[in-house]
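Enquirer:
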Amino acid sequence: MMLFDSVIAAACLGAAAMALFARDRIAAVAAFLVMGLLVALSWLRLGAPDVALAEAAIGAGLTGALLLRSARRVPKASAKALPPAQWLGAALLSLAVSGAILWTALIVETAAIYPALVNEALPESGVENPVTAVLLNFRAWDTLLEIAVLFAALAVIAVVKPVHPRIAPLGPMMLPFARVVLPLTIFLAGHLLWQGGHAPGGAFQAGAILAGGAIALGLSGMVRPIRWGRAALAGLAILGLGAFVVAALAAELLTGALLGYPAGAAKAWILAIESALTLSIAATLLLLFIGPAERH
Amino acid sequence: MTALLHSAGLVLMIAGTAFLAVAALGVWRLPDLLSRLHVLTKADTAGVALIALGAACLAQSFTATLSLLLCTLLVALSGATTGHLIARDHLDFASSQEDSP
Amino acid sequence: MSDISLIVLLPLLAAVLTAALPRQAAAIGTLATGLNAFLAANLGRQILHSGTVTEAIGDWTAPLGITFDANGLASVMLAMAAIVGLAVSLQAAAGPARAGFWPLWMATLGALNGLFLSSDLFNIYVAFEILGLAAVGLTALAGTRASLRAAFDYLTAGLVGSLLVLLGIALSYSVTGRVDMEAVAMLTQSDTGRIALALIAAGLVVKAALFPLHFWMPGAHSSAAPAASALLSALVVKGALYLVLRLSLEGGAGTEFLRNTLAVLGAGGMLWGAWNALRAERLKLLVAHSTVAQIGLIALAIGVAGNPLETGLWQAAALLMLSHALAKAAMFLAVGRIAEALGHDRISGLNREELRPGPAEFAFAIAAISLVGLPPTAGFIGKWFLIEGLIDKGGIHWIALILLGTALSAAYLSRVVSRCLRGGPHVSATARRPPWRTGDVAALGLATGALLLGLAAALPISLLETPFA
Amino acid sequence: MISDFAFLISGAGLICLALFRLATSADLLMRVLGLNVLAIGIAMVLLVSARGAEGTDAVPQAFTLTGIVVLVGVTAALLALAERVAEARDE
Amino acid sequence: MSFFLPLAILMTSLGVAPVILMMPDSARRLRTGVNLAAASLKVALVAWLSYEVAHGTSFDLRHSIAQGLELHLQADALSVLFLALSSILWLLTTIYAVGYLEGGTDRSRFFGFFSLCVASTVGIAMAGNLFTFLVFFELLTLATWPLVVHRGTSEAHRAGRIYLAYTLGGGLALTLGTIWLYALAGEVAFEPRGVLGDIPETSPLALTAIFVLLIAGVGVKAALVPLHGWLPLSMVAPAPVSALLHAVAVVKAGAFGIMRIVYDVYGVETVQALGLAAPLAALAALTILWGSFRALTQDDLKKRLAYSTVSQVSYITLGVALISPVAAIGGLAHLVHQGIMKITLFLAAGNFAEGEGVKTVRAMDGMGKRMPGAMLAFTVGALGMIGIPPLAGFVSKWYLGAGGLDAGQPMVIALLAGSSLLNAAYFLPILYRGWFCAPPEGVTPGRRLGWMLAIPPATTATLVLAAGLLASAPFSPLGWTRFIVSLEYL
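Chains as they are written, first to last, in our numbering: chain A, 19 to 314; chain B, 19 to 119; chain C, 91 to 559; chain D, 2 to 92; chain E, 1317 to 1806.
The structure is reproduced here in C-alpha cells:
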C-alpha cells in the first residue's frame, strides 16, 4: 500500500504544480479539479472518510464549478515580469516555511489527547460517528460559526453583486442526464444525512450533493431560469444560521448550558439541526454559484 | 466457491486496468480532440465497469455490490453526457471559426 | 440565559433577522447593538463583582469542548466593541440606507464577541474568518472601483493571514496534541513549538495590519464608506491585536522573542505610518495611515510590556487599544460627515469659501486630541503607564520613540485641525454652518467619550486588574 | 506510518508551491487557486499528524471539514470580487 | 463643603465653555450675558474662597484615575493669589473683548475657548499635585491655540503652528519629567516644604535631569530665553487675547509652574543642595536683559510690549531663584503687579489700534490729545513697569533688590537698575511722542470708543495705583504674598 499512497501523494503535487503554473486558465482550473479528486483520495488513505466525501463534493465539485464560471470573466493580469530578486526571495521564503513545517511535523510525535476524550464522551453524544459527534456536539460552537461564515460569504456576494449571466442550458442531452441525476442526488443526500449518525456522512456532504444536483438541474434548463427561486433560496440559506442559533438558545433554556442538548434526546436534536443545515447549506452553496441578487 | 470468485474478480480487475491503460495511451498519442474523446469515453466506461465487477466479486457483500453498481451506472451516464457536450461545444466552436474569417 | 451566551448569539440572530427583513434592518440592528451594549455592561459589572466568569459550551470541558472565559481584558474589549458599535449604528441608521450593511455589521459584531471570549485557537480561527469576510463586505459596500480592488486585496491578505494561523494551529496540534489556549504555554518550551507560535504570530501580524505587512490596509480603510471604515479601523483590526496580547499573556516568559519582534515592528509601524500620514493628500488616507501608526504604538506597548505574569504593563496596551478604538471611530465618522458636507475629502480643499467649520470638524479636533494622547484622554493615561513602566525597566530608547511618535502624530493631525479652525478671509461672510445630523452626534459623542475616558479610566483599569482564572 | 510520510512531503510541497505562487503572481484567479492549494496543504499536514495508533483522530477531521466549508465560502466571495474588479476595469 | 467651592470655581468657566461654543454666532446678547454672569460669579466665589483660606479652612477635591494617580484640586495660599489675579482680569478682559469683537465673526468659538483658557488657568492655580498641574497645563495649550489663530489669516496660522510646536514640545518635556518623577517618588503632591526632601536614595543626577525637564516644560510658557520665540509671533492674535493670555494667563502659568516646582515639589533646600538655583537665576537675568534689548528695536507697539513681557516675567523667576524670603516676596508680588500693569498697557494699545488705527510707535504722535483716557492708562502702566514709585512695579522691584542683598547676590541690584534703565529707554519715547508731540496734520479723528473699551484699561490703571499705594494693607497683593512666604519659608 505504501506505493499506492506515494503515487497519490506525488500525483497531488504534480496536479497542483500544473494548476498553479499552467499557461492557459481553463487548463489550470481543470488541473485544480483533478487535484481536488486526488486530494479526496488521499484523505481516504489518511483514514478520514467524512473529509474525503466533503472534499470531493465541495472542494473539487463546487469550487471547480465556481472557478470555471469565473475563469473566463477574470482576464489575465498583465504579466509584468517581476524582478529576479523577488522571484528568489519568494522561493526562499516558501522553501523556508515549508521546510520548517516538514521538520516540525516529522520529528514530533506526541500523542494527541483528543482520541481518549472522544471515545470516553462518545456514548453520551448520542451518535456513533465520532466526527459527527465532534462537529455537532462537543464543538458545536465551531460548526455554528462555520455556518455564520457561509452566511457572511453570502452577504458579501449580495453586496458585491457580480453579474451572473442566466444559466444558459448546455444542450438537449443535458435534460435526460439531469432527469436521472436529480432524483439520485436527493436520494443520496437523504442517505448521507441519515448515515451521518453512525458512518461517514453528514449535513455538509449531503448539502453539497444537493447543491450539485440543483446546479445540474439549472444547467439542463429544465426549470425556467431560477429567478423566482432566488428569494426563496436566500430565505432558506439564512434559515440555517437562524435555526442553529435558536436551537442553541433553546438547548440552553432546557439544560442551562449553551448548545447543551438534553440528556436523552441528543440524537434527535442533532438530526433535526443537521437536516435544517443540509437544506440551508445546499441553498447557500447554490446561491454562491448563481449569486443571491439578480443584477442585470 | 469463494476461491473461484476471488480469481474471477482478479482477472476482471486486471482487464479493467488494461482498458484504462489503453485509454491513457490513447489520450497521450492521438492528435486531435474528437479522437481523444472517442477513446476516453469508450475505454473509461468499460474499464470502470470491469473494475467495479471485479471488486464486487472480491467484496462478496450485497450492499457493496449495490453501491458499486450505482457507481458504474453514474460513471457511464456522466462520461457519455460529458463526452457529448464537449464534442458539441467543439463543433460549434469549429463551425463558428470557419464562417467568421 | 447567561450573559455570555446572549452576547455571543444575539448579534448572529440579529444578522439573520436584518438579512431577512431588509426594510426593518436599521431598527433591528440598532436595537440589537443597544441590547449588546447593555449585556456587555452587565457582564463587566459581573466580572468586577465576582472575578472571571468561565463557561464551557455544552458542558464539554476545555480540551475537548470550547470554553468562554470572560476575564477583565475580554470584558474591556467587549465594552469597546459595544460603545463604538452603538455610535456607528446610530450614524448608519440615520444616514443613507446602504443595503447589506446591517447583516455584515451584525456578523462582524458576533464574530468580535466570539473572538474576545473564546479560549480555543481553532474557534478563534473560524471567528477570524467571519470577521475577515464581513469586513471585506463592509469595505466593498462603497461600490467604487477602488473599494472593490481594495476589498479583494484585503480578503486575499486576510485569507493568507488566517491560513498562516491555521498552519500554526495544525503544528500546535502535532507538537502538543491540543489546540486550546493552554497549548500556547506548552508551545513555548520546544523549538518546534516556537515555530508554530511564530506562524500564528505572523498570521496575526498580517491580520492586524502591523508594519511591514500592512500594505493592504490603507487602501481598504480609506475607500470604504465612513461607517464601515470606522468599524474596520476601530474594531476589526483590534481583534488580531487582542489575540497577540492573549498570546503574550498565555505564553508568559516563553514568548519573549515574540514581544521583542512586536516592539521592533511596532516602532517601525509608528514611524512609517506617521511619515505617510504627513504626506497624505486625502483626509481618509491620512486617517488610515494614522491607524497604521497607532497600531504600531499598541504593538510597541505589547512588545515592551515584558512578561505579563510579573508586570501589569500590558494593561497600558489594553488602555491604548480602548482609547484608539473610540477616537479612531469618532474620527472616521467625522471625516465621513466632512466629506459629505464638502463633497470631497482633499485636505488642501478643506477651507472652502462658503462653508464654515461645522460640528463634524469639531468632533475631528476632539478625536485628534485623544489620538495624540494629550491629557485628560485615556490615550494619555495609557502612555503615562507605559512610559512609567519603561522608566522602571530602563527602556530609554523606547521612551524616545514613543515621544517621537506623539510629536509626529501631533504634526500630521494639526495639518487637518488647523484647517478646521479656518476663519477670517478664508470664509465668506455669507458662509453657513453645515446643519446638525445624527452622524455628528455620534461622532461628537464618541470623541467626547474618548476625551473623558481618561477621567473615568479607573473603571477599565480595575477591570483589567481582575486576576485571570 | 511510512505511507503518512509521503503525504506529509506532499502537504509541505503544496504549501511551498502555493506560497511561491501567491508571492509572485498578480493574476487574481491564480491567487485564488494558490489560496486553495495552500489550504489543502495545511489540511494535509494536519491530517497526517492526526494519524494515531488506532486510526485518525476525529477532532482534526472536524477541523479539516470546517476548513473546507470555510474555504468554499471565502473562495466564492473572492471570485465574486475578482469578477466585479474585472468588470469595473472595463468600464 | 470643602470640595464644593473649588469645583464651583472651576465649573463657572469649564462648564460654561461648551455652552457658549454651542451657541450660534447671532445670539450676541445671550452670550454676553452668560459670559459676564459667569465671570462676576467667579470673582465673587474667589473672594469668598480667599476669605476662607485666610482663616485657615482647607479645601480639596480628589478624583482618583488609577492606583497612585489622582486629580487633586486644593486651595492653598499660593493658588488663591493666582486665582484672584486671573479671575479679576478675566472679568475685565471679557468686557473689553465684547466691545472689541463687535461685528467680528466666530465670536461663539472665541468666547468658548476664552472661558476654556481661564478654566485651565484656574485648574493650574488649584492643582494639588504635579499630575493635575500637567493635565491643566496641556489643556491650556489646546485652549489658547484656537485663540491665537482666531483671525484665520495665513500669518495667524503660521504663528499658530509655531506656537503649537513650542508649547507641545514643552508639554512633552514636562510630561516626561513628571512621569519620571512619579516613577521615582510615587505620588508627587504639592507640600509647602517640597516633597523631594525626604527621598534619599534617588541619584542627584536623575533629580537634576528631571528638574531641567520640568523647568524646560514650564519655561516655554514662562518665555525663558531660548524658548520665548512664540510670544512675539502670537501678537498677531486679537488684543484681548494678547492682553489676557500672553500677558497674564499663559505666561503667568509658566511662572506659577516654576514656583510650584521650586517651592512645592523640590523644596528650597533641595534646589540649593543640587546647585540648580544659581543657573536658574542666571537664565532669568539673561532673559531680563535679552527681552529689554529686543524691545528697544521693535517698532510695532504690541511686539515691543511682548518683548517687555518676556523680560518682566523673568523677574518672577529671578525672585524664585534667589533663595531668600524677601526675594520670594518680591517675585510673588511681581506676579500680580506685572499682570495688572501689562494688561493695562495691552488694553490701551488695543484701544489705540481700534480707535485711531495706530499700531506702531512712530505713529503715536499726539496720542495724548487724540485719546487722552487711553494714553493716561498707558502712561500709568508704563511708569509702573519702569518702577517709578509709588506704583506697583516699584514695590516688587524694591523687594527683589532687598532679596538679592539678603541672598548675598549684590549683582541683582545692578541688574535691576540696568533693566529699569532699559525699560525707561523703550517706554519713555512712546510717552514723549504721546504727550509732547503734536498730532500729524490731516489725520482724521478716529471713531469714538464705547464704554466697554474705555472702562477696563482705566480700572486696571487704578488697580496699579492702588497696589502701589496701599501695598501695606493685608488684603493687597503684597500683604497676601507675605502671608504665602511665611508658610513657605518659616
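Built from N, CA and C at the ideal position, the CB exists for glycine as well.
Using only CA atoms, which one of T246(C), A172(C), V274(C), L503(C) lies nearest to L133(C)?
Expert: Residue mapping note: residue 133(C) aligns to position 43 of the third sequence, counting from 1. Answer by Cα proximity: A172(C).
Enquirer: Let me know if F205(A) comes out buried or exposed under the rule of 16 or more other beta-carbons within 10 Å of its beta-carbon.
Expert: The residue you call residue 205(A) lines up with position 187 of the first sequence. That one is exposed.
Enquirer: Report yes or no: is there a C-beta of chain A within less than 9 angstroms of the C-beta of C17(D)?
Expert: In the fourth sequence, counting from the first residue as 1, residue 17(D) sits at position 16. Interface residue, yes.
Enquirer: What do you reckon, is the C-beta of V1396(E) under 8 angstroms from a heavy atom of the ligand SAH?
Expert: Absence of the ligand SAH from the depicted structure is noted, as is the absence of any ligand whatsoever, leaving it without description.
Enquirer: When the cut-off is 9 angstroms and only beta carbons count, does S96(B) lie next to chain A?
Expert: The count along the second sequence starts at 1 and reaches residue 96(B) at position 78. Yes, S96(B) lies at the interface with chain A (some Cβ there is under 9 angstroms from its Cβ).
Enquirer: Could you check which residue in P1745(E), G1719(E), L1744(E), A1665(E) has the C-alpha nearest to that of Y1412(E)?
Expert: As a first step, residue 1412(E) must be located in the fifth sequence, where it is residue number 96. Measuring from the Cα of Y1412(E), the nearest candidate turns out to be A1665(E).
Enquirer: Say whether chain C places a C-beta atom closer than 9 angstroms to the C-beta of T1797(E).
Expert: By one-based count along the fifth sequence, residue 1797(E) stands at place 481. Taking Cβ atoms only, chain C never reaches closer than 9 angstroms to T1797(E), which makes this a no.
Enquirer: Check the Cβ of V216(C) against every Cβ in chain A and list those closer than 7 angstroms, keeping chain order.
Expert: Taking the third sequence and counting its residues from 1, one reaches residue 216(C) at position 126. What V216(C) touches in chain A: D160, L163, E164, V167.
Enquirer: Which residues share a DSSP beta bridge with A269(A)?
Expert: Counting from 1 along the first sequence, the entry for residue 269(A) is found at position 251. DSSP output for A269(A) lists no bridge partner at all.
Enquirer: Using a Cβ-Cβ cut-off of 6 angstroms (strictly less than) and excluding sequence neighbours within five positions of F218(C), which residues of its own chain qualify?
Expert: To locate residue 218(C), count along the third sequence from 1; it is residue 128. For F218(C), where only same-chain residues beyond five positions count, the Cβ hits under 6 angstroms are S252.
Enquirer: Provide the residue span of the alpha helix (DSSP H) that contains Q213(A), from first to last.
Expert: Within the first sequence, numbered from 1, the residue matching residue 213(A) stands at position 195. That run of the alpha helix (DSSP H) goes 192-213.
Enquirer: Distance, Cα to Cα, P1520(E) vs V1534(E)?
Expert: Counted from its first residue, the fifth sequence places residue 1520(E) at position 204. Counted from its first residue, the fifth sequence places residue 1534(E) at position 218. Roughly 21 angstroms separates the two Cα atoms.
Enquirer: Can you check whether the CB of V1362(E) is closer than 9 angstroms to the CB of V1350(E)?
Expert: Position 34 of the fifth sequence, counting from 1, holds the residue named residue 1350(E). Position 46 of the fifth sequence, counting from 1, holds the residue named residue 1362(E). No.
Enquirer: Would you mind giving the Cβ-Cβ distance between V1564(E) and I1702(E), rounded to the nearest angstrom? I have them listed as a contact below 8 angstroms.
Expert: Here residue 1564(E) refers to the residue found at position 248 when the fifth sequence is read from its first residue. Here residue 1702(E) refers to the residue found at position 386 when the fifth sequence is read from its first residue. Incorrect: roughly 20 angstroms between the Cβ atoms, too far for contact.
Enquirer: If you measure from the beta carbon of H314(A) to each beta carbon in chain C, is any gap under 9 angstroms?
Expert: Position 296 of the first sequence, counted from the first residue, corresponds to residue 314(A). Because H314(A) carries a pLDDT of 46, less than 50, the predicted location of this residue cannot be relied on, and no value is offered for it.
Enquirer: My understanding is that V506(C) touches I437(C), with C-beta atoms under 8 angstroms, so please give their C-beta distance in whole angstroms.
Expert: What you label residue 506(C) is simply residue 416 of the third sequence in a count that begins at 1. What you label residue 437(C) is simply residue 347 of the third sequence in a count that begins at 1. The Cβ separation is near 6 angstroms, so the contact holds.
Enquirer: May I ask which residues mark the beginning and end of the alpha helix (DSSP H) holding S264(C)?
Expert: For this step, residue 264(C) is matched to residue 174 along the third sequence. 235-266 is the extent of the alpha helix (DSSP H) around S264(C).
Enquirer: In terms of alpha-carbon separation, which member of A7(D), R85(D), V75(D), A81(D) lies closest to F317(A)?
Expert: No statement about residue 317(A) is possible, as the shown extent of chain A runs from 19 to 314 and does not include it.
Enquirer: Compare the C-alpha of G396(C) against each of I428(C), H434(C), A324(C), L337(C) and name the closest.
Expert: Here residue 396(C) refers to the residue found at position 306 when the third sequence is read from its first residue. The option with the nearest alpha carbon to G396(C) is L337(C).
Enquirer: Since G539(C) and L416(C) should fall inside the 8 angstroms C-beta cutoff, what is the C-beta to C-beta distance between them, to a whole number of angstroms?
Expert: Here residue 539(C) refers to the residue found at position 449 when the third sequence is read from its first residue. Here residue 416(C) refers to the residue found at position 326 when the third sequence is read from its first residue. The pair is a contact, with the Cβ atoms about 6 angstroms apart (cut-off 8 angstroms).
Enquirer: When burial is assigned at 16 or more other CB atoms within 10 Å of the CB, is A298(C) buried or exposed?
Expert: In the third sequence, the residue the question calls residue 298(C) occupies position 208. Looking at its Cβ environment, which holds 16 or more other Cβ atoms inside 10 Å, A298(C) is buried.
Enquirer: In the DSSP assignment, the alpha helix (DSSP H) including L1492(E) goes from what residue to what residue?
Expert: For this step, residue 1492(E) is matched to residue 176 along the fifth sequence. Where L1492(E) is concerned, the enclosing alpha helix (DSSP H) stretches over 1470-1501.
Enquirer: Is L1592(E) helix, strand or coil when you go by DSSP?
Expert: The sequence position of residue 1592(E) within the fifth sequence is 276, counting from 1. The answer is coil: DSSP assigns L1592(E) none of H, G, I, E or B.
Enquirer: Within the 9 angstroms Cβ cut-off, does L228(A) reach chain B?
Expert: For the purposes of this step, residue 228(A) is taken as residue 210 along the first sequence, with counting starting at 1. With 9 angstroms as the cut-off, L228(A) does not count as an interface residue toward chain B.
Enquirer: Using a C-beta to C-beta distance shorter than 8 angstroms, which residues of chain A count as neighbours of L103(B)?
Expert: For the purposes of this step, residue 103(B) is taken as the residue at position 85 of the second sequence. L188, G189, M191, M192, listed in chain order.
Enquirer: Around the C-beta of M1338(E), are 16 or more other C-beta atoms found within 10 angstroms, so that it is buried, or is it exposed?
Expert: The residue labelled residue 1338(E) in the question sits at position 22 within the fifth sequence. Answer is exposed; the Cβ neighbour count stays below 16.
Enquirer: What ranges does the alpha helix (DSSP H) occupy inside the stretch 11-64 of chain D, keeping only unbroken runs of at least 4 residues that lie completely in it?
Expert: Listed in chain order, the complete alpha helix (DSSP H) runs (minimum 4 residues) inside the stretch 11-64 of chain D are 29-50.
Enquirer: Note down, in chain order, every chain C residue with its Cβ under 7 angstroms from the Cβ of T67(D).
Expert: Here residue 67(D) refers to the residue found at position 66 when the fourth sequence is read from its first residue. Here the neighbours are V216.
Enquirer: Grab me the residues of A353(C)'s own chain with a C-beta within less than 6 angstroms of its C-beta, minus the 5 sequence neighbours each way, in chain order.
Expert: For the purposes of this step, residue 353(C) is taken as residue 263 along the third sequence, with counting starting at 1. Excluding positions up to five away in sequence, the list reads L390, G393, V394.
Enquirer: Going along the chain, which residues of its own chain have a beta-carbon closer than 6 angstroms to the beta-carbon of A76(A), five neighbours each way excluded?
Expert: For this step, residue 76(A) is matched to residue 58 along the first sequence. Looking at the sequence shown, residue 76(A) is not Ala but Ile. If we look at I76(A) and ignore the five residues flanking it on each side, its Cβ neighbours are A226.
Enquirer: W1496(E): buried (16+ other C-beta within 10 angstroms of its C-beta) or exposed?
Expert: What you label residue 1496(E) is simply residue 180 of the fifth sequence in a count that begins at 1. Classification of W1496(E): buried, given that the 10 Å Cβ count is 16 or more.
Enquirer: Report back the beta-carbon spacing between L1305(E) and P1772(E) to the nearest angstrom; my notes put them in contact at under 8 angstroms.
Expert: With chain E represented from 1317 up to 1806, any question about residue 1305(E) goes unanswered, as that position is not in the structure.
Enquirer: Assign V25(A) to one of two classes, buried (16 or more other C-beta atoms within 10 Å of its C-beta) or exposed (fewer than that).
Expert: Within the first sequence, the letter at position 7 stands for residue 25(A). By the 10 Å Cβ count, V25(A) comes out exposed.
Enquirer: To the nearest angstrom, how far is it from the Cα of L38(B) to the Cα of V66(B)?
Expert: Walking along the second sequence from the start, residue 38(B) turns up at place 20. Walking along the second sequence from the start, residue 66(B) turns up at place 48. Going from the Cα of L38(B) to the Cα of V66(B) covers about 8 angstroms.
Enquirer: Please name the residue in G1468(E), A1499(E), G1684(E) whose C-alpha comes closest to that of C1753(E).
Expert: Here residue 1753(E) corresponds to residue number 437 of the fifth sequence, with the count starting at 1. Here the closest residue by C-alpha is G1684(E).
Enquirer: Would V1566(E) and L1456(E) qualify as a contact pair, given that the criterion is a beta-carbon distance under 9 angstroms?
Expert: Numbered from 1 along the fifth sequence, position 250 holds the residue referred to as residue 1566(E). Numbered from 1 along the fifth sequence, position 140 holds the residue referred to as residue 1456(E). A contact, by the Cβ cut-off of 9 angstroms.
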